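In the working numbering, the protein residues as written are 741 to 1072. We treat Cβ as the ideally placed atom computed from N, Cα and C, and that holds for glycine. Everything numeric in this text was worked out from a predicted model, so none of it was measured.
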């Protein structure tokens, strides 16, 4: 008899399987059976994914609450950060629900719904990161016209498109693009098919390359601005050098974190075989979830406007005596 091993959906659009009770071996694909499932042994990898989902949900729920609570945080930059936090919040909740459903409600329908929910959430997270990158580039490239109504319309259009495409990607497995009835078509993350996972991975690679190109252009603009200031002042001050170096380093950290989190999983989804041990799927999926844990630190908690709003939210009687510098969207 075939033992059912439930799986976890991935950000790029795959679901990581649960290890057999014995440990790290076994098939890395999700297998569903029409017979009543036997009680599942608790898998440490599933526990780690659930803990990761809980941390992700708590971090990003706070960011969403702060942005909704503060009327001042209504600029295009914070709308994009709010979109990212919402997507990551949903992804964290999806990981928690997936853990619960694995050990409480085990059915094909629930598995497909969980996979679709996680695919849509992680796709929206990655798309929001791309939108933030585009916004940062536009805020530097078109600094004089950035605050126009056209920019706001552009931001809203980008977000609507990102969430629309993400929703469509999440619906594909539910609407029939799965391997429940065709095991030969399965990927390392059942019930997603190999072709579905390839599409999701290819989409990630494209987004990563676009972000890489835009961040290179941003670095060029930042360095050019620093050079122009140096020419006007006839020398490059230490503060300008430090600020430029810090900005470029921050961009490298942002892109490096994103790539390190997602590239291993996206590559494994393409080259991996369903017969490989499931520990490989878990080992690449878990770091991918960490990106949603790091996002609020990079894009929200480092921002002084959000820091001030946190003080107001948690200490309503607090009156800031220290002036906070309001950052522009072009700050990196």
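Test item: CB-CB of residue i and residue j under 9 Å
i, j, result
"residue 864", "residue 830", "yes"
"residue 886", "residue 1053", "no"
"residue 1035", "residue 781", "no"
"residue 1046", "residue 835", "no"
"residue 877", "residue 957", "yes"
"residue 869", "residue 951", "yes"
"residue 1001", "residue 1030", "yes"
"residue 1012", "residue 928", "yes"
"residue 961", "residue 997", "no"
"residue 786", "residue 1032", "no"
"residue 1100", "residue 902", "Nothing in the structure corresponds to residue 1100, since the chain is present only between 741 and 1072."
"residue 894", "residue 1014", "no"
"residue 991", "residue 959", "yes"
"residue 862", "residue 1040", "no"
Same chain, Cβ closer than 7 Å to residue i, five either side skipped, listed in chain order
i, result
"residue 1026", "788, 789, 792"
"residue 860", "906, 907, 909, 910"
"residue 1055", "none"
"residue 999", "948"
"residue 994", "1038"
"residue 921", "none"
"residue 896", "none"
"residue 892", "816"
Residues bridged to residue i (per DSSP)
i, result
"residue 932", "918"
"residue 959", "Answer is none; residue 959 lacks a bridge partner."
"residue 926", "933"
Same chain only: Cβ atoms within 8 Å of residue i, ignoring 5 sequence neighbours per side
i, result
"residue 913", "852, 855, 856, 859, 931, 932, 936"
"residue 899", "819, 820, 823, 868, 871"
Neighbourhood of residue i by C-beta, 6 Å cutoff - its chain only, sequence neighbours within 5 removed
i, result
"residue 872", "820"
"residue 1090", "An answer regarding residue 1090 cannot be provided, because it is not within the stretch 741 to 1072 covered by the chain."
"residue 839", "786, 790"
"residue 988", "959"
"residue 1024", "1004, 1005, 1008"
"residue 803", "825, 1036, 1040"
"residue 918", "931"
"residue 801", "829"
(request) Specify whether the region 1001 to 1020 and the region 937 to 947 touch according to this definition: at least 3 beta carbon pairs, one from each stretch, less than 8 Å apart. (result) Because the criterion of three Cβ pairs below 8 Å is met, the region 1001 to 1020 and the region 937 to 947 touch.
(message) Count Cβ pairs between the region 789 to 801 and the region 809 to 823 that sit closer than 8 Å; are there 3 or more?
(response) No contact exists between the region 789 to 801 and the region 809 to 823.
(request) With a floor of 4 residues, list each alpha helix (DSSP H) that falls wholly inside the region 775 to 818, ordered by position along the chain. (result) Runs of the alpha helix (DSSP H) lying entirely within the region 775 to 818 and spanning at least 4 residues, in chain order: 784 to 809.
(request) Inspect the CB distances between the region 1015 to 1026 and the region 838 to 851 and report whether three or more fall short of 8 Å. (result) No: fewer than three Cβ pairs fall under 8 Å.
(message) My parser needs the alpha helix (DSSP H) runs of 4 or more residues fully inside the region 827 to 864; what are they?
(response) Listed in chain order, there is nothing to give.
(message) As an exercise, report each continuous alpha helix (DSSP H) stretch of at least 4 residues that is fully enclosed by the region 992 to 1058, in chain order.
(response) Every unbroken stretch of the alpha helix (DSSP H) spanning 4 or more residues and falling wholly within the region 992 to 1058 is given here in chain order: 1018 to 1036, 1044 to 1054.
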